[in-house]
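Those sequence lines, one after another, are chains E and F. Using this note's numbering, the first residue of the first sequence is number 10, and each one after it goes up by one. Using this note's numbering, the first residue of the second sequence is number 10, and each one after it goes up by one. We put the CB at the ideal spot given by N, CA and C, even for glycine. Have a look at the structure below before the remarks.
There are 2 protein chains.
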Amino acid sequence: MGLRELKRERTRRQISDKAFELFTDHGFARTTVEQIAAAAEVGPSTLYRYFPTKETLVLEFVEDSLFGALDWFREQPADLDLPDGLQSVIERVLDQLERNPDRVRTVYELAGKTPSVSAHLAEAIWRWRNELTVELAGRLAGDSVEFTAALTAGTTMNIIEIVVQTWVDNPDGTQVKDLAHEAMGLLRGGGIPLPTVQA
Amino acid sequence: MGLRELKRERTRRQISDKAFELFTDHGFARTTVEQIAAAAEVGPSTLYRYFPTKETLVLEFVEDSLFGALDWFREQPADLDLPDGLQSVIERVLDQLERNPDRVRTVYELAGKTPSVSAHLAEAIWRWRNELTVELAGRLAGDSVEFTAALTAGTTMNIIEIVVQTWVDNPDGTQVKDLAHEAMGLLRGGGIPLPTVQA
DNA sequence: TAGTCATATGGTAGTTACTTCCAAATTCGT
DNA sequence: ACGAATTTGGAAGTAACTACCATATGACTA
Chain E
10 MGLRELKRER
20 TRRQISDKAF
30 ELFTDHGFAR
40 TTVEQIAAAA
50 EVGPSTLYRY
60 FPTKETLVLE
70 FVEDSLFGAL
80 DWFREQPADL
90 DLPDGLQSVI
100 ERVLDQLERN
110 PDRVRTVYEL
120 AGKTPSVSAH
130 LAEAIWRWRN
140 ELTVELAGRL
150 AGDSVEFTAA
160 LTAGTTMNII
170 EIVVQTWVDN
180 PDGTQVKDLA
190 HEAMGLLRGG
200 GIPLPTVQA
Chain F
10 MGLRELKRER
20 TRRQISDKAF
30 ELFTDHGFAR
40 TTVEQIAAAA
50 EVGPSTLYRY
60 FPTKETLVLE
70 FVEDSLFGAL
80 DWFREQPADL
90 DLPDGLQSVI
100 ERVLDQLERN
110 PDRVRTVYEL
120 AGKTPSVSAH
130 LAEAIWRWRN
140 ELTVELAGRL
150 AGDSVEFTAA
160 LTAGTTMNII
170 EIVVQTWVDN
180 PDGTQVKDLA
190 HEAMGLLRGG
200 GIPLPTVQA
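Structure below.
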């Protein structure tokens with residue numbers, strides 16, 4: 010690896026780290042891009058070259074976790090068992106997110122307080138689900154392929170969101186794997202159980 | 010109704026109409042808020058009082074359709090049959106959207122081209138699904154209430170999105186009701202069918 | 001009808017995210 | 001060490017949004 014790439018990765022990480030520092034300390038809105046650039050010791054112009062929007066600073070980590078797993082799924086053989094594959098996708102996303110629990114928590118806090126952050130987070134999730142739908146549609150056969158693909162992709166994303174949400178709300182991390190396991194049972198067991206009216 | 014409210018509704022509609030006109034003619038990014046204000050014959054200051062962000066101009070109609078149906082659902086009796094209720098929610102959203110097919114199409118076009126629009130659209134959908142989850146959780150009993158509520162709300166929203174997407178892609182509107190009917194069968198029939206691997 | 005009160009309007013000034021462009025600096029291949 | 005390619009930082013500009021205030025307009029009362 011050349012010195013060029015090394016420096017690039019270093020500046021990128023430096024910017025990202027300083028941004029999270031400032032965001033957690035002073036909030037998203039109260040931190041200006043120029044402050045982040047100054048803290049990372051780069052010009053604002055350089056910062057924008059690495060992160061086109063302020064929200065990217067917050068969400069790149071989550072996006073990488075999601076789309077990394079999606080890329081893996083796309084490379085799997087065409088006759089892959091879909092429940093197995095989707096279970097692996099979920100596990101890969103969760104594993105990746107677990108590498109940085111603090112960042113995940115911070116992302117959720119910022120999203121809860123700042124509309125533009127939650128908007129971009131929702132958009133990333135939406136885009137991910139759509140791409141998974143396309144990939145699934147190419148692997149399905151039978152009637153209403155588009156339909157089944159979209160619903161399956163939606164359910165997969167729902168499971169991820171629920172597990173992560175529960176994980177974030179629960180500082181005690183032991184139940185996460187259990188919940189994920191229970192959720193994956195749904196993918197394998199045939200679908201969502203009928204809602205039961207309150208007794 | 011006083012003259013005040015009348016004028017308020019009139020200016021609001023005037024602003025919204027002119028905004029859609031300019032957006033469809035010249036695109037979202039190429040239209041400035043000042044241009045919209047000038048076209049609607051109000052000051053920029055007034056425009057911002059009615060629509061806090063530029064994206065609101067595009068999405069208010071969709072948001073009203075979604076949350077109107079949600080408000081209706083919240084007012085239903087506690088022992089309401091949930092599949093029935095959710096079916097009605099879906100139907101109400103679709104009926105409301107069908108009152109303005111051109112706007113729905115325009116919203117989708119703008120969302121496809123402009124990231125900030127799709128971001129805010131995704132956020133509105135996300136917020137709607139979360140509120141439906143809370144409402145459902147209060148009406149459910151049994152194990153893993155939160156879990157079932159979130160998955161059911163997600164599936165409900167997925168169905169709406171799929172039907173609307175298909176409707177937008179299909180200028181011929183006859184299949185919409187069929188698709189909606191088929192989708193609602195899923196809510197009643199017990200869940201999502203297992204994906205079938207391609208033959 | 002006149003007076004006053006509450007509310008709606010429009011303009012001004014300012015902040016900040018983001019874009020475009022260019023000159024200087026740094027790294028790479030020869 | 002020299003020239004080519006790439007990265008950087010700064011300067012100038014656009015436009016969304018905010019805060020604030022003076023003015024105008026509809027609503028209510030004597």
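The region 98-107 of chain E contacting the region 167-187 of chain E, beta-carbon criterion three pairs below 8 angstroms
Between the region 98-107 of chain E and the region 167-187 of chain E, the count of Cβ pairs shorter than 8 angstroms is three or higher; the stretches touch.
Using alpha carbons as the reference points, say which of Ile134(F), Thr161(F), Leu195(F) lies closest to Leu145(F).
Of the candidates Ile134(F), Thr161(F), Leu195(F), the one whose C-alpha sits nearest the C-alpha of Leu145(F) is Thr161(F).
If you run the structure through DSSP and keep just helix, strand and coil, what is Leu89(F)?
In this structure, Leu89(F) counts as coil in the three-state DSSP scheme.
Taking the alpha carbon of Leu89(F) as the point to measure from, which residue in Leu149(F), Ala28(F), Leu188(F) has its own alpha carbon closest?
For Leu89(F), the nearest C-alpha among the options comes from Leu149(F).
Count Cβ pairs between the region 185-195 of chain F and the region 118-137 of chain F that sit closer than 8 angstroms; are there 3 or more?
No: fewer than three Cβ pairs fall under 8 angstroms.
Which residues mark the beginning and the end of the alpha helix (DSSP H) in which Asn139(F) is found?
Asn139(F) -> alpha helix (DSSP H) spans 124-146.
Interfacial residues, the region 104-130 of chain F to chain E, with Cβ spacing under 9 angstroms
For the region 104-130 of chain F, residues whose beta-carbon sits nearer than 9 angstroms to a beta-carbon of chain E comprise Pro124, Ser125, Ser127, Ala128, His129, Leu130.
Does the pairing of the region 41-52 of chain E with the region 18-31 of chain E give three or more beta-carbon distances under 8 angstroms?
Contact between the region 41-52 of chain E and the region 18-31 of chain E is present, because at least three Cβ pairs lie under 8 angstroms.
Does any residue of chain E bring its CB to less than 8 angstroms from the CB of Asn179(F)?
Answer no: the Cβ-Cβ gap between Asn179(F) and chain E never drops below 8 angstroms.
Contact the region 63-83 of chain F vs the region 124-140 of chain F: 3+ CB pairs below 8 angstroms
In the pairwise beta carbon analysis, the region 63-83 of chain F is classified as touching the region 124-140 of chain F: at least three pairs are separated by under 8 angstroms.
Do you know offhand how far Thr20(F)'s Cα is from Glu50(F)'s?
About 9 angstroms.
Going by C-alpha to C-alpha distance, which of Asp111(E), Thr41(E), Arg83(E) sits closest to Pro180(E)?
Selected option, being the one with the closest Cα: Asp111(E).
Pull up the DSSP beta-bridge partners for Thr31(F), would you.
Rather than Thr, the amino acid found at residue 31(F) in this sequence is Leu. Its beta-bridge partners do not exist; DSSP assigns none.
In whole angstroms, what is the alpha-carbon distance linking Thr123(F) and Phe37(F)?
In this model, Thr123(F) and Phe37(F) are separated by some 7 angstroms (Cα to Cα).
Between which two residues does the alpha helix (DSSP H) harbouring Pro180(F) extend?
Looking at the DSSP string, Pro180(F) is not in any alpha helix (DSSP H), and its letter there is neither H nor E.
Beta-carbon separation of Val67(E) and Phe32(E) under 8 angstroms?
Against a cut-off of 8 angstroms, the Cβ pair of Phe32(E) and Val67(E) comes out as a contact.
Given this structure, state the Cα-to-Cα distance separating Leu106(F) from Glu69(F), to the nearest angstrom.
Approximately 12 angstroms, taken between the alpha carbons.
Does the distance from the CB of Leu196(F) to the CB of Gln96(F) come in under 8 angstroms?
Between Leu196(F) and Gln96(F), the C-beta spacing is below 8 angstroms.
Could you check the C-alpha separation between Val98(E) and Ser153(E) for me, to the nearest Å?
Taking the straight line from one Cα to the other gives about 23 angstroms.
Name the chain F residues that come within less than 7 angstroms of Ala159(E), Cβ to Cβ?
Scanning chain F for C-beta atoms nearer than 7 angstroms to the C-beta of Ala159(E) yields Asn167, Ile171, reported in chain order.
Count the other CB atoms, across all protein chains shown, that sit within 10 Å of the CB of Ala87(E); report buried if there are 16 or more and exposed otherwise.
Ala87(E) is exposed by the Cβ-count criterion.
Closer than 9 angstroms at the beta carbon, the chain F residues around Phe29(E)
Those do not exist, as Phe29(E) stays about 21 angstroms from chain F at its closest Cβ, beyond 9 angstroms.
Would you mind giving the Cβ-Cβ distance between Thr177(F) and Val113(F), rounded to the nearest angstrom? I have them listed as a contact below 8 angstroms.
The amino acid at residue 177(F) is misidentified as Thr; the sequence shows Val. With a Cβ gap of about 6 angstroms, Val177(F) and Val113(F) count as contacting.
Proximity winner among Lys16(E), Gly194(E), Phe29(E), Phe82(E), relative to Asn109(E) (alpha-carbon distances)
It is Phe29(E) whose Cα lies nearest to the Cα of Asn109(E).
If we define contact as Cβ-Cβ less than 8 angstroms, is Gly194(F) a contact residue for chain E?
With 8 angstroms as the cut-off, Gly194(F) does not count as an interface residue toward chain E.
Quick one: using the 10 Å Cβ neighbour count with 16 as the cut-off for buried, is Arg138(F) buried or exposed?
Looking at its Cβ environment, which holds 16 or more other Cβ atoms inside 10 Å, Arg138(F) is buried.
9 angstroms Cβ cut-off: residues of chain E touching Glu140(F)
Close partners of Glu140(F) in chain E (Cβ separation under 9 angstroms) are lacking, with about 14 angstroms as the shortest Cβ gap.
Spatial neighbours of Thr40(F) within its chain, please: C-beta separation below 7 angstroms, excluding the five flanking residues on both sides.
Within the same chain, Leu31, Phe32 come within 7 angstroms of Thr40(F) by CB-CB distance, once the 5 residues on both sides are set aside.
Using a Cβ-Cβ cutoff of less than 7 angstroms, which residues in the same chain neighbour Ser54(E) once the five nearest sequence positions on both sides are dropped?
Contacts found: none.
Would you say the beta carbon of Pro92(F) is closer than 7 angstroms to some non-hydrogen atom of the ligand MG?
By its list of ligands, the structure shown contains no ligand whatsoever, and the ligand MG lies outside what it can speak to.
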